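A.B. asks: In our numbering, the protein residues as written are 466 to 969.
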């Protein structure tokens, strides 16, 4: 007879009783042994072979997305369990783990039948943070964590209704490391989840990013006597090929961070291996964005390829897949509140211009009086991103505000000038946007670019073709403009489901 053997001690027997509560002791030489341990089989109603085993010796725990099975070992049981997709043996807990897929628990109940001693449904899940601290989420709770990567991490005890709701959001994704669903961060998504939770009597808990996820700050020139400045020939080369001042500043800052990482080493002696080491530092320790990482690579390549006239190289480094996030937009009521709460005429004109023309912050600052064409009701945007000119639309209400603004403030060259003349500063304009949003009671993170995103979304909701929106925004690729189709939900009620067209 084939069997398992364990040490003949009280401790071993005690542990065995925990795993098999219904265990019986049969003395050696008993005539009952051979009959009780032989596993016979028959076919059930579904034609599946099931073992004929006496006694209730199968315990089941349903915990979230897992079904946990504890039972004595026999070949037919193992064959059945392994036939269930993605089932596995957990040797540390001495049990079988089966995914809680639709239909699995029914199959398990049918197979084991009267052998099932208990079926326990766990009403909670336990999650653990990076410090090892654990917390429980009850069945009627949903935890949403605003992650530092621009995603919402959603934790909940398994519920078909909640799972279905999350899968309705675009770019939803299962995070196997954190064991949670994630969706792009958007205020209206949070509001939608709050309404869903209220309707289904679920307690919604929203948490901000943990301090541990914050970035390490870059080295600063301030108070550092050994700080290494960008080489003069680097700056001259950028000016020589007529890159914009914004590009100059971006490249200069990025390259200075690089050369101060190796401040004791001659720039000409820094090799490819050292460059890759610095890039890993940015990703792993600084936790920089993918866009900043690309800026640094471009700044480094510019020095070695354009300034030193070296050969072109590609610097590759593994990095996490970029998460897709949706831009923040305001609804029409919020835009109305924002503008009405802006009492200063110049400030109102600035915000109205950003929204009504879909301008970037830099385009707003560089706008000149001559760029306003009131006859054609157009605005010329000169040397925008990528050194490209374009035209955008001029609103009648915007024109009326501009005329009132011209009479009162009398700008000379720039459309929006500071108190002492010259261009209005970027920081001041951003402060204006945030202050107006606060006065309007808008809790979203509002900046000038939010107004540009809102302009595009409202155009799309009003039926404007994507090609026109692409032209007005100055997007080089239509794929950039298509992001707004994932934000708007207007018109969903007009879409006819193809199933409804079938004669069933």
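Every residue, glycine too, gets a C-beta built ideally from N, C-alpha and C.
The structure displayed is predicted, hence computed values, not measured ones.
Run through DSSP, which three-state label would residue 965 get?
C.D. replies: In this structure, residue 965 counts as helix in the three-state DSSP scheme.
A.B. asks: What's the gap between the Cα of residue 671 and the Cα of residue 752?
C.D. replies: Using only the alpha carbons, I get a separation of about 23 Å.
A.B. asks: From this set, 660, 911, 794 and 832, which residue's C-alpha is nearest residue 881's C-alpha?
C.D. replies: Selected option, being the one with the closest Cα: 832.
A.B. asks: So what does residue 832 bridge to, in DSSP terms?
C.D. replies: Looking at the DSSP assignment, residue 832 forms no beta bridge with any residue, so it has no partner.
A.B. asks: Nearest by alpha-carbon distance to residue 860: which of 947, 821 and 662 is it?
C.D. replies: Closest option to residue 860, Cα to Cα, is 821.
A.B. asks: From this set, 711, 656 and 773, which residue's C-alpha is nearest residue 735's C-alpha?
C.D. replies: When only C-alpha atoms are compared, the closest one is 773.
A.B. asks: When you compare the CB positions of residue 569 and residue 533, do they come within less than 9 Å of one another, or not?
C.D. replies: Not a contact, by the Cβ cut-off of 9 Å.
A.B. asks: At a cut of 8 Å, does the segment 572-585 reach the segment 607-625 through at least three beta carbon pairs?
C.D. replies: Touching, no.
A.B. asks: Is residue 728 closer than 9 Å to residue 775 when the C-beta atoms are compared?
C.D. replies: No, the Cβ-Cβ distance between residue 775 and residue 728 is not below 9 Å.
A.B. asks: Between residue 740 and residue 693, is the Cβ-Cβ spacing less than 9 Å?
C.D. replies: No; because the gap between Cβ atoms is not below 9 Å, this pair is not in contact.
A.B. asks: Using CA atoms only, rank isn't needed, just tell me which of 867, 746 and 761 is closest to residue 811.
C.D. replies: Selected option, being the one with the closest Cα: 867.
A.B. asks: Could you pull out every residue in the same chain whose Cβ sits closer than 6 Å to the Cβ of residue 590, ignoring the five residues on either side in sequence?
C.D. replies: Correct list, in chain order: 529, 602 and 622.
A.B. asks: For residue 970, name the three-state secondary structure that DSSP assigns.
C.D. replies: Residue 970 lies beyond the stretch modelled for the chain, which goes from 466 to 969, so this question has no answer here.
A.B. asks: Under three-state DSSP, which class holds residue 659?
C.D. replies: In this structure, residue 659 counts as helix in the three-state DSSP scheme.
A.B. asks: Residue ranges of each beta strand (DSSP E) run of no fewer than 3 residues wholly in the segment 894-954, ordered along the chain?
C.D. replies: For the segment 894-954, not a single whole beta strand (DSSP E) run of length 3 or above is found.
A.B. asks: How many angstroms separate the CA atom of residue 512 from the CA atom of residue 567?
C.D. replies: Low confidence applies here, because residue 512 scores a pLDDT of 49, under 50, leaving its location unreliable; read the following figure in that light. About 21 Å.
A.B. asks: Return the chain-ordered ranges of every alpha helix (DSSP H) run that is complete within the segment 788-821 and spans a minimum of 4 residues.
C.D. replies: List check, alpha helix (DSSP H) in window: 797-805.
A.B. asks: Identify the continuous alpha helix (DSSP H) that holds residue 715 and give its terminal residues.
C.D. replies: Per DSSP, residue 715 belongs to the alpha helix (DSSP H) from 710-726.
A.B. asks: My guess is that residue 552 and residue 561 are in contact by the Cβ rule of under 8 Å, so how many angstroms apart are they, rounded?
C.D. replies: Residue 552 to residue 561, Cβ: 6 Å. Contact.
A.B. asks: Determine the burial state of residue 883: buried for a count of at least 16 other Cβ atoms within 10 Å of its Cβ, exposed for fewer.
C.D. replies: The residue in question, residue 883, is exposed, as its Cβ has fewer than 16 Cβ neighbours within 10 Å.
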